[in-house]
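Positions 1 to 351 (the working numbering) are the ones given, in order, by the sequence shown.
Backbone N, C-alpha and C fix where the C-beta goes; we use that ideal spot for every residue, glycine too.
All of these numbers come straight from a predicted model, not from anything done at the bench.
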Amino acid sequence: MCPSSRSDSGGKQQYYTTSGVVLGYAVCSSLLAIINKYAITKFNYPGLLTALQYLTSALGVYLLGKLGFLHHDPFTLPTAKKFFPAAMVFYLAIFTNTNLLRHANVDTFIVFRSLTPLLVALADTAFRHQPCPSNLTFFSLLVILSGALGYVATDSAFTLTAYSWAFAYLVTITTEMVYIKHMVMNLGLNTWGFVFYNNLLSLIIAPFFSFLTGENLQLLAALRSGSFDPAAFYAVSLSCLFGLLISFFGFAARRAVSATAFTVTGVVNKFLTVVINVLIWDKHASPIGLVCLLFTIVGGVLYQQSVSAPPPKQLDIEANTTAAVAGPSADQDDDPLPGEADPMLKSSTSR
Numbered sequence: 001m002c003p004s005s006r007s008d009s010g011g012k013q014q015y016y017t018t019s020g021v022v023l024g025y026a027v028c029s030s031l032l033a034i035i036n037k038y039a040i041t042k043f044n045y046p047g048l049l050t051a052l053q054y055l056t057s058a059l060g061v062y063l064l065g066k067l068g069f070l071h072h073d074p075f076t077l078p079t080a081k082k083f084f085p086a087a088m089v090f091y092l093a094i095f096t097n098t099n100l101l102r103h104a105n106v107d108t109f110i111v112f113r114s115l116t117p118l119l120v121a122l123a124d125t126a127f128r129h130q131p132c133p134s135n136l137t138f139f140s141l142l143v144i145l146s147g148a149l150g151y152v153a154t155d156s157a158f159t160l161t162a163y164s165w166a167f168a169y170l171v172t173i174t175t176e177m178v179y180i181k182h183m184v185m186n187l188g189l190n191t192w193g194f195v196f197y198n199n200l201l202s203l204i205i206a207p208f209f210s211f212l213t214g215e216n217l218q219l220l221a222a223l224r225s226g227s228f229d230p231a232a233f234y235a236v237s238l239s240c241l242f243g244l245l246i247s248f249f250g251f252a253a254r255r256a257v258s259a260t261a262f263t264v265t266g267v268v269n270k271f272l273t274v275v276i277n278v279l280i281w282d283k284h285a286s287p288i289g290l291v292c293l294l295f296t297i298v299g300g301v302l303y304q305q306s307v308s309a310p311p312p313k314q315l316d317i318e319a320n321t322t323a324a325v326a327g328p329s330a331d332q333d334d335d336p337l338p339g340e341a342d343p344m345l346k347s348s349t350s351r
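Structure (structure tokens):
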């Protein structure tokens, strides 16, 4: 075989591999919030649902490491102690995220998730002494805020419980983005080490919140009455599977394509989530609410364009350390933060 033929064959193989990875990420990312909403609808125990997701991700990384498909840092008590505050904030973000999906639709989640750049910019300026946003950044943040306010004002399904969880989620995910990433980057863990520690420590934390919220009593009562829906098993299994898959495809896609291509994929995923959510069931916003939702997504696109990328060396470090800090229920969002390549701190829930 001549060298040119070998080169063409290798190029085609790389093309199909890259396309497959990006397609896998797009499918997982666009469906994940909807799958988690479906899972919490069929299996109304958010604490146990997220615990099963953590177990799947931690066990998946451990087994794949044993089989030689990936390498993760070994679990050590000193590192776990240093990582624990980050895992606690991550757990709270996923806990509030899941309860938000429990009481509201996917569109409400996307709107509040889109508000995070606004709060992060304010926190960076107020607490981390970062420069004020540029005019374009400030304008994009106003677009996001206007869309979010319009959505809330026209939300016919507004409830105090749902929006209380939404604001709690907004606070915890912003805290995670502003502080936690910079904290855990100093630990020297590789990407799969972050995934392993994040999910294993969150799994350890989960029983405490089960007792705190009284969910353990609800589970015992359900077990005695035998009132579990058989469909819940399939919904939970699908949710756990997608939580693990998005960690893999998210990391692989970041390695396979440029930061710009990955960001574009993330934006397309948001639109796909909205479209799929409208087509499959009635758990979505009104037409006016959907317009406001799309307005916030457009604001997010403008925000991405306004944020300058960090130097290549810093971008490589952040891509390797944050590609999978998230866990099984977090939203794999792709909105870059001021001065950051990508803030992806959550793994699977509509993270």
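Handout entry: Spatial neighbours of Leu-64 in its chain, beta-carbon cut-off 6 Å, leaving aside the 5 residues before and after
Key = Only Leu-70 meet the Cβ criterion.
Practice task
Give the straight-line distance between the Cα atoms of Thr-79 and Met-88, rounded to the nearest whole angstrom.
Solution key: Our two residues, Thr-79 and Met-88, have alpha carbons roughly 14 Å apart in a direct line.
Handout entry: For Asn-199, three-class secondary structure by DSSP
Key = Asn-199 carries a helical assignment under DSSP once its states are collapsed to helix, strand and coil.
Problem - Residue range of the unbroken alpha helix (DSSP H) whose run includes Trp-165 - result: Counting along the chain, the alpha helix (DSSP H) containing Trp-165 begins and ends at 160–175.
Exercise for the section: Counting only runs of 3+ residues fully inside the segment 194–281, write out the beta strand (DSSP E) ranges in chain order. Expected result: Counting whole runs of 3 or more residues, the segment 194–281 contains no beta strand (DSSP E) stretch at all.
Exercise for the section: Could you tell me whether the Cβ of Leu-220 comes closer than 8 Å to any Cβ of chain C? Expected result: Looking at the structure shown, chain C is missing, and only one protein chain is on hand.
Handout entry: Secondary structure of Pro-117, DSSP reduced to three states
Key = It is helical.
Problem - His-284 in three-state terms, based on DSSP - result: Coil, per DSSP.
Practice task
Check Phe-95 in the structure and name its three-state DSSP category.
Solution key: Helix at Phe-95.
Handout entry: C-alpha distance - His-103 paired with Gln-14, whole-angstrom precision
Key = Those two C-alpha atoms are separated by around 43 Å.
Practice task
Quick one: give me the first and last residue of the alpha helix (DSSP H) that Gln-130 is part of.
Solution key: Premise fails: Gln-130 is in no alpha helix (DSSP H) and is neither H nor E.
Problem - Spatial neighbours of Thr-174 in its chain, beta-carbon cut-off 8 Å, leaving aside the 5 residues before and after - result: Cβ neighbours of Thr-174 within its own chain (closer than 8 Å, five residues either side excluded): Thr-116, Leu-119, Val-120 and Ala-123.
Problem - CB of Val-171 within 8 Å of CB of Leu-52, strictly - result: Taking 8 Å as the Cβ cut-off, Val-171 and Leu-52 do not qualify as a contacting pair.
Problem - For Tyr-45, the three-state DSSP class (helix, strand or coil) - result: Coil at Tyr-45, not helix or strand.
Practice task
Return yes when the Cβ of Tyr-25 is within less than 8 Å of the Cβ of Phe-249, no when it is not.
Solution key: A distance below 8 Å separates the beta carbons of Phe-249 and Tyr-25.
Handout entry: Beta-carbon spacing of Gly-300, Ile-144 below 8 Å
Key = Yes. Within cutoff.
Problem - Nearest-angstrom Cα separation, counted from Leu-244 out to Thr-56 - result: Using only the alpha carbons, I get a separation of about 7 Å.
Practice task
Express the C-alpha separation of Gly-214 and Asn-99 in angstroms, rounding to a whole number.
Solution key: Cα-Cα distance, rounded: 14 Å.
Problem - Straight-line Cα distance separating Arg-224 from Ala-93 - result: Put simply, the backbone Cα of Ala-93 is about 31 Å away from that of Arg-224.
Exercise for the section: Just confirm the distance between the C-beta atoms of Lys-283 and Asn-105, as a whole number of angstroms; I'd bet it's less than 8 Å. Expected result: At roughly 5 Å, the Cβ-Cβ gap stays under 8 Å, so Lys-283 and Asn-105 are in contact.
Practice task
Rank Ser-30, Ala-157, Tyr-197 and Ala-148 by C-alpha distance to the C-alpha of Lys-81 and give the top, closest one.
Solution key: The candidate whose alpha carbon is nearest that of Lys-81 is Tyr-197.
Practice task
Please report how far the alpha carbon of Asn-97 lies from the alpha carbon of Val-257, in whole angstroms.
Solution key: Taking the straight line from one Cα to the other gives about 29 Å.
Handout entry: Beta carbon of Val-195 nearer than 8 Å to that of Val-61
Key = Taking 8 Å as the Cβ cut-off, Val-195 and Val-61 qualify as a contacting pair.
Exercise for the section: Please report how far the alpha carbon of His-72 lies from the alpha carbon of Thr-137, in whole angstroms. Expected result: Each residue's alpha carbon lies about 37 Å from the other.
Problem - Test item: CB-CB of Leu-203 and Phe-83 under 8 Å - result: Their beta carbons are not under 8 Å apart, which means Leu-203 does not touch Phe-83 by this criterion.
Exercise for the section: Give me the Cα-Cα distance between Ile-40 and Pro-46, rounded to the nearest whole angstrom. Expected result: A straight line joining the alpha-carbon of Ile-40 with that of Pro-46 spans about 7 Å.
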